[in-house]
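Student: Take a look at the following structure, please.
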Amino acid sequence: MLLDQKIAVITGGASGQGLASARAFLREGARVVILDWNAETGAAALRELSELGPVRFLHCDLGVEEQVVSACADILAHEGVPDVLFNNAGIGYSETGRYPMVSIFDTTLENWNNILRINLTGAFLMTRELGRAMAARGTGGSIIFNASIAGIVGQPNIDAYTASKGALVALTRALANTLGAQKIRVNAICPGAIDTPMLAPALKNSGVVERLEQTPLKRIGQPEDIAGLALYLGSDLSAFVTGQIIACDGGRSAI
């Protein structure tokens, strides 16, 4: 049991990579809290996950400071200080209707602010509130950011998304330095193409499947691929790993 009796918090835990990670963490003995903006999918995830172990769901818009502060206070009061914080929540291709994934020259200020609010500010707020408590406890822990290969490899026409993920990459390195003295490890996962509802609109575009076939592993990633890496980074298996930016993309960024 890699996370036996550990407390793990997963944002965006009601679907996709977050839900797969919640399953993996529960199977390894963790007590899990998932946060999500969607109350309906959150309730459905809670029903499923409850069969695996102790889990709670908190309805929270991570881009609203008051909601994040309240949710984190609830976690600290009822579960205690987390051992693992997985900042997984984010928006991408699944939200192209509301927030177009386009060039910076076609991005309105409103859309720019909204994409960064969810992908970057939400992670900042969660880490500020829970990371402070983890540091004060002084016994260590793990903070994981879910970034993207877009944050380390230049990709055209998704500029606000890329900026938000690149900022998470930089923040990971800075916090690893800041929190190392408190034995808190900070790492980032950079997924490539992962088969989740978020990617579905992109998979309809001409050429995407062909590019996937050019990856060394020649397949699209699955949510469980990210969950396995998150489990490694959240557990003592990675006790000497911090400040790392780890691509999980089937080798696409290596060629």
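Everything in the sequence shown is counted per this note's numbering, starting at 126 for the first residue and increasing by one. Where is the CB? At the ideal position from N, CA and C, for every residue including glycine.
(1) Between the Cα of Asp-383 and those of Thr-233, Ser-378 and Ala-145, spot the shortest distance and give me the residue it belongs to.
(2) Expressed to the nearest angstrom, what Euclidean distance is found between the alpha-carbon atoms of Ser-360 and Thr-264?
(3) How do the stretch 148 to 166 and the stretch 126 to 135 stand: do at least 3 beta-carbon pairs fall below 8 Å, yes or no?
(4) Can you tell me the Cβ-Cβ gap for Gly-317 and Gly-346, rounded? I've got them flagged as a contact below 8 Å.
(5) Measuring straight from C-alpha to C-alpha, what distance separates Gly-353 and Gln-142?
(6) Please report the Cβ distance between Ile-269 and Leu-358, rounded to the nearest whole angstrom; I am assuming they are in contact, meaning their Cβ atoms lie under 8 Å.
(7) Taking the Cβ atom as the reference point for each residue, do Cys-185 and Trp-162 lie within a distance shorter than 9 Å?
(8) Mind checking if Leu-201 is an interface residue toward chain B, Cβ cutoff 9 Å exclusive?
(9) Looking at the secondary structure, which residues open and close the alpha helix (DSSP H) in which Asp-186 lies?
(10) Per DSSP, what kind of secondary structure is Leu-144 in: helix, strand or coil?
(11) I'd like to know whether the C-beta atoms of Thr-297 and Gln-369 end up nearer to each other than 9 Å.
(12) Pick out whichever of Leu-356, Gln-339, Ala-364 and Ala-139 has its Cα sitting closest to the Cα of Asp-374.
(13) What residue ranges within the stretch 208 to 287 form continuous alpha helix (DSSP H) runs of no fewer than 4 residues, ordered along the chain?
(14) Beta strand (DSSP E) containing Ile-132: first to last residue?
(15) Measuring straight from C-alpha to C-alpha, what distance separates Ser-146 and Leu-210?
Tutor: Checking against the coordinates, here is how it stands:
(1) Outside the displayed span of the chain (126 to 380) sits residue 383, for which this structure offers no information.
(2) Here the question's residue 360 lines up with position 235 in the sequence shown. Here the question's residue 264 lines up with position 139 in the sequence shown. If I take the Cα positions, the gap works out to 14 Å.
(3) Yes, they touch.
(4) Taking the first residue of the sequence shown as 1, we reach residue 317 at position 192. Taking the first residue of the sequence shown as 1, we reach residue 346 at position 221. Correct: roughly 6 Å between the Cβ atoms.
(5) As a first step, residue 353 must be located in the sequence shown, where it is residue number 228. As a first step, residue 142 must be located in the sequence shown, where it is residue number 17. Whole-angstrom Cα-Cα distance: 10 Å.
(6) Residue numbering aside, residue 269 sits at position 144 when the sequence shown is read from its first letter. Residue numbering aside, residue 358 sits at position 233 when the sequence shown is read from its first letter. That belief holds up - the Cβ atoms of Ile-269 and Leu-358 are roughly 5 Å apart, short of 8 Å.
(7) As a working mapping, residue 185 is identified with position 60 in the sequence shown. As a working mapping, residue 162 is identified with position 37 in the sequence shown. The answer is yes: Cβ separation under 9 Å.
(8) In the displayed structure, chain B is absent; only one protein chain is listed.
(9) Position 61 of the sequence shown, counting from 1, holds the residue named residue 186. Segment: none, Asp-186 is in no alpha helix (DSSP H) and carries neither H nor E.
(10) Start at 1 with the first residue of the sequence shown, and residue 144 comes out as number 19. If DSSP states are grouped into helix, strand and coil, Leu-144 belongs with the helices.
(11) The sequence position of residue 297 within the sequence shown is 172, counting from 1. The sequence position of residue 369 within the sequence shown is 244, counting from 1. In this structure, Gln-369 lies closer than 9 Å to Thr-297 by Cβ.
(12) Walking along the sequence shown from the start, residue 374 turns up at place 249. Proximity to Asp-374 across Leu-356, Gln-339, Ala-364 and Ala-139 peaks at Gln-339, based on C-alpha coordinates.
(13) 234 to 241 and 247 to 262
(14) Walking along the sequence shown from the start, residue 132 turns up at place 7. Counting along the chain, the unbroken beta strand (DSSP E) around Ile-132 starts and ends at 132 to 136.
(15) Position 21 of the sequence shown, counted from the start, is the residue given in the question as residue 146. Position 85 of the sequence shown, counted from the start, is the residue given in the question as residue 210. Near 12 Å, if we compare the C-alpha coordinates of Leu-210 and Ser-146.
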